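For the protein sequence lines, the chains are R and S, in the order given.
So in the numbering used here, spot 216 of the first sequence is number 216, and the numbers just go up one at a time.
So in the numbering used here, spot 103 of the second sequence is number 103, and the numbers just go up one at a time.
All residues carry an ideal CB built from backbone N, CA and C; glycine is no exception.
What you are looking at is a predicted structure, and each value in this text was computed from that prediction instead of being measured.
What follows is a single structure, written as structure tokens, with notes after it.
There are 2 protein chains.
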Amino acid sequence: MVSGRYQRGGMGRLPHAVLERFSLYLREAEGRLARGESTVSSQELARALGLTPAQVRKDLGAVGPLGARGVGYRLQPLVAALRHALGTDRRWPMALVGVGQLGRALVRHRGFREQGFCFEAIFDRDPRLVGRRIEGLRIEGVDRLVERIRAAGIRIAVLAVPPEQAQPVASDLVRAGIKGILNFTATALAVPDDVAVVSVDLGFFLEQLTHHIVSMAQPPRRERDSA
Amino acid sequence: MVSGRYQRGGMGRLPHAVLERFSLYLREAEGRLARGESTVSSQELARALGLTPAQVRKDLGAVGPLGARGVGYRLQPLVAALRHALGTDRRWPMALVGVGQLGRALVRHRGFREQGFCFEAIFDRDPRLVGRRIEGLRIEGVDRLVERIRAAGIRIAVLAVPPEQAQPVASDLVRAGIKGILNFTATALAVPDDVAVVSVDLGFFLEQLTHHIVSMAQPPRRERDSA
DNA sequence: CATTGTGAACAGTTTCACAGCC
DNA sequence: GGCTGTGAAACTGTTCACAATG
Chain R
1 MVSGRYQRGG
11 MGRLPHAVLE
21 RFSLYLREAE
31 GRLARGESTV
41 SSQELARALG
51 LTPAQVRKDL
61 GAVGPLGARG
71 VGYRLQPLVA
81 ALRHALGTDR
91 RWPMALVGVG
101 QLGRALVRHR
111 GFREQGFCFE
121 AIFDRDPRLV
131 GRRIEGLRIE
141 GVDRLVERIR
151 AAGIRIAVLA
161 VPPEQAQPVA
171 SDLVRAGIKG
181 ILNFTATALA
191 VPDDVAVVSV
201 DLGFFLEQLT
211 HHIVSMAQPP
221 RRERDSA
Chain S
1 MVSGRYQRGG
11 MGRLPHAVLE
21 RFSLYLREAE
31 GRLARGESTV
41 SSQELARALG
51 LTPAQVRKDL
61 GAVGPLGARG
71 VGYRLQPLVA
81 ALRHALGTDR
91 RWPMALVGVG
101 QLGRALVRHR
111 GFREQGFCFE
121 AIFDRDPRLV
131 GRRIEGLRIE
141 GVDRLVERIR
151 AAGIRIAVLA
161 VPPEQAQPVA
171 SDLVRAGIKG
181 ILNFTATALA
191 VPDDVAVVSV
201 DLGFFLEQLT
211 HHIVSMAQPP
221 RRERDSA
């Protein structure tokens with residue numbers, strides 16, 4: 001299922017597809033927990049997320065037998081197990097590179113902090129921005145990037161620079177010890193195998209929508225004879 | 001991919017997986033065309049995108065035999081065919097609902113216009129914003145949404161409202177004739193089958209990264225004894 | 001007795017290997 | 001010779017059906 005997408009095969013014991021759904025299960029389970037519910041069945045999860053109950057059970061079975069037959073899954077252990085599997089049972093300091101419109105919107109984004117993702121260093125190439133503060137953080141020059149990120153032990157970076165700078169900055173990030181890059185440039189990044197890149201390319205998402213629309217519009221079309 | 005993901009199965013003659021790669025091929029082919037190249041081989045595309053040449057050939061074969069044996073694929077017809085398949089060989093007017101930080105960043109985002117995606121109506125619930133202009137467009141109240149979108153014949157909407165408003169606004173969008181929703185709220189939307197939703201949930205992407213990082217860190221771990 | 005956990009059947013996707021063509 | 005197009009094989013992921021169980 002889509003989405004952003006991964007460069008270089010993901011990895012880990014869980015298959016890709018399962019992992020992507022873990023995020024959905026987690027979101028849904030957290031919501032139900034917050035609403036005061038205490039258990040959920042595979043059927044309910046399936047309905048809420050547009051999946052089949054069998055798939056939900058198989059997926060959740062992958063982290064261990066945490067369901068109770070006749071009852072369903074208790075939300076608290078479920079949330080804990082999913083967070084553990086996804087690695088979000090801890091805080092994750094992050095770096096931002098590129099303080100444009102998008103970069104600013106990301107730094108101010110509420111949800112991140114709640115999920116334990118917290119910006120702790122912000123960089124931009126533009127000297128006019130360096131020194132300014134945003135959400136209490138001082139914007140630093142990219143020349144400080146490697147040194148600062150390494151010193152802070154930050155492992156996740158958000159890349160929101162113009163396309164030309166994407167690859168050079170990515171290479172610096174790798175040098176700084178970054179292991180995961182959330183890439184908002186529409187550029188494919190070359191990085192070593194142990195660094196994960198998730199690219200969020202808005203054009204990509206819109207193209208999936210437009211395809212859907214045009215293919216719905218002309219339903220029973222055959223391939224052209226030789227096109 | 002990364003990315004975003006689909007609620008309700010996509011559809012159309014091309015399999016999901018192929019379609020997602022079409023966006024990548026298109027991006028890469030456009031780039032090469034812009035750099036003055038005129039053909040590309042499956043091998044080159046594969047290398048640039050981290051795929052196998054066989055897969056590239058199979059995928060591109062799905063739109064018709066547009067490669068030349070011994071030569072590769074001519075970029076111009078390739079780009080045209082991919083755009084046609086994705087539905088981006090035309091202009092797509094879009095509506096934005098929710099003019100917060102993120103909404104503003106999206107409206108100002110360059111790339112969209114270049115790809116033929118153009119905001120033509122902007123809505124917000126906040127009366128203090130209604131009437132203001134942003135990138136030459138007047139912000140309108142959500143009460144006008146159904147009427148305005150229907151009149152303008154807009155079929156794609158970008159949803160960037162707070163989570164509580166997500167479902168009600170989505171229902172209005174459906175009523176207004178919208179067929180594709182780019183959903184930036186972390187909420188699962190209930191919509192009819194002929195409406196596509198692509199959700200861009202930043203938490204989702206970060207979770208994929210953190211999973212990658214933690215699963216790399218403790219390499220040869222076995223499943224728990226009965227998990 | 002509702003609901004999980006799971007092997008076995010099925011569907012979708014990727015890779016292989018090679019014939020066909022420029 | 002180099003490269004595409006494509007069936008067949010291998011693989012991965014999904015659904016089914018049902019025994020196991022709190």
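Could one say the Cβ of S:V18 lies closer than 8 angstroms to chain R's Cβ atoms, at least one of them?
-> no
Between R:L209 and S:I156, which are expected to be in contact by the criterion C-beta below 8 angstroms, what is the C-beta distance as a whole number of angstroms?
-> Confirmed, Cβ separation roughly 6 angstroms.
Inspect the CB distances between the segment 83-94 of chain S and the segment 50-59 of chain S and report whether three or more fall short of 8 angstroms.
-> Taking 8 angstroms as the limit for Cβ pairs, the verdict is that the segment 50-59 of chain S does not touch the segment 83-94 of chain S.
Just how far apart, CA to CA, sit S:R138 and S:T187?
-> Their Cα atoms are separated by approximately 27 angstroms.
Return yes when the Cβ of R:A48 is within less than 8 angstroms of the Cβ of R:E28, no when it is not.
-> yes
Return the residue from the list S:V97, S:V130, S:P127 that minimises the CA-CA distance to S:F119.
-> S:V97
If you compare alpha carbons, which of R:V142, R:V191, R:I134, R:L78 is closest to R:R32?
-> R:L78
So is R:T210 in contact with chain S if we call contact Cβ pairs under 8 angstroms?
-> yes
Residue(s) in a DSSP beta bridge with S:A68 | S:G72
Inter-stretch contact at 8 angstroms, needing at least 3 Cβ pairs: the segment 125-137 of chain R / the segment 113-129 of chain S | The segment 125-137 of chain R, when compared against the segment 113-129 of chain S, does not touch it at the 8 angstroms Cβ threshold.
Can the beta-carbon of R:L19 be found closer than 8 angstroms to that of S:H211?
-> S:H211 is positioned such that its CB atom lies closer than 8 angstroms to that of R:L19.
S:I213 versus chain R: which residues are under 9 angstroms apart at the beta carbon?
-> G87, W92, R155, I156, K179, G180, A196
Please confirm whether S:V195 and S:I213 have their CB atoms less than 8 angstroms apart.
-> no
Does the pairing of the segment 99-106 of chain R with the segment 98-112 of chain S give three or more beta-carbon distances under 8 angstroms?
-> yes
Compute the distance between the beta-carbons of S:G116 and S:R133, then report whether it is under 8 angstroms.
-> No, these two residues do not count as a Cβ contact at 8 angstroms.
Give the DSSP bridge partners of S:R138, in chain order.
-> Per DSSP, the beta bridge partners of S:R138 are S:R133.
Beta strand (DSSP E) containing R:E37: first to last residue?
-> Under the DSSP assignment, R:E37 falls outside any beta strand (DSSP E); it carries neither an H nor an E label.
According to DSSP, residues forming a beta bridge with S:P93 | S:C118
Where S:A81 falls, given that 16 or more other Cβ within 10 Å makes a residue buried = buried
In the DSSP assignment, what residue or residues form a beta bridge with R:G180?
-> R:I156, R:A196
Measure from the alpha carbon of S:R150 to the alpha carbon of each residue in S:R175, S:G64, S:T39, S:L159, then state which is nearest.
-> S:R175
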